[in-house]
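In the working numbering, the protein residues as written are 469 to 701. No residue lacks a Cβ here, since even glycine has one placed at the ideal position from N, Cα and C.
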């Protein structure tokens, strides 16, 4: 009787070890899938970060004007609501009728802070020179999948497209509209923080605007409040 009980116990212990080992393998597999998924998510989010400047463009003799646009030390950026005019004296604005996440846009105000006039290029495709960075309740909001593919193509080789030149006089500003529908799925209710990276040439260095915080209200409210926020590091 003792031998039978001992044999049964050993059998149960063996089954328990096998079950434990299977459970451990399942756990390791789940952990691998989770870590792989997180790595994929990090990779996807990494594509939202500004691509590095292409400094090899500066290795050959270049004009001072090109160098000025490449490094863009002359410029100062500001980000304001579309109802805030040119944004030079904006401290707070309220944009009405944004009770959903559709149709939200901001003005990127580009000011020539230098003592010299600057000639620049404006491109029809806003995705070439801009990279908005949007956070909802502290979490990075991903671009739409088709935008991710577009940006990867843009940053891999010099894009073709319509462009035009402009003159930015000293101490003067120009604006570009940053429509969030061009980058993101409709925004859900919540608190958001937005900044925009901007460059003046493909492959050039980036400047970051100060960020703005805003709230997308639920159905009961009928406005989006926008106020300046500190610059994200």
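May I ask you to report which of helix, strand or coil DSSP gives residue i?
i	result
residue 615	helix
residue 683	strand
residue 508	Confidence in residue 508 is poor, its pLDDT being 40 and thus under 50, which makes the residue's placement unreliable; the coordinate value appears in the next sentence. Residue 508: helix per DSSP, three-state reduction.
residue 630	coil
residue 639	coil
residue 572	coil
residue 586	strand
residue 666	strand
residue 624	helix
residue 601	strand
residue 655	coil
residue 523	helix
residue 536	helix
With distances taken between CB atoms, is the gap from residue i to residue j smaller than 8 Å?
i	j	result
residue 636	residue 586	yes
residue 590	residue 534	no
residue 538	residue 588	no
residue 571	residue 649	yes
residue 646	residue 574	yes
residue 638	residue 584	yes
residue 545	residue 666	yes
residue 612	residue 653	yes
residue 672	residue 521	yes
residue 655	residue 549	no
residue 640	residue 580	yes
Consider the C-beta atom of residue i and the heavy atoms of the ligand FAD; say whether any pair is separated by less than 7 Å.
i	result
residue 616	Within the structure as shown, the ligand FAD is missing, as the structure has no ligands at all.
Between residue i and residue j, how many whole angstroms is the CB-CB distance? I'm expecting something under 8 Å.
i	j	result
residue 547	residue 678	6 Å
residue 518	residue 674	5 Å
residue 622	residue 596	6 Å
residue 631	residue 592	7 Å
Quick one: what's residue i bridged to in DSSP?
i	result
residue 543	580
residue 591	631
residue 660	604, 682
residue 647	573
residue 676	665
residue 548	575
Worksheet item: Three or more beta-carbon pairs under 8 Å between the region 593 to 611 and the region 653 to 663, yes or no?
Response: Counting C-beta pairs with one atom in each stretch, the region 593 to 611 and the region 653 to 663 have three or more that are closer than 8 Å, which means they touch.
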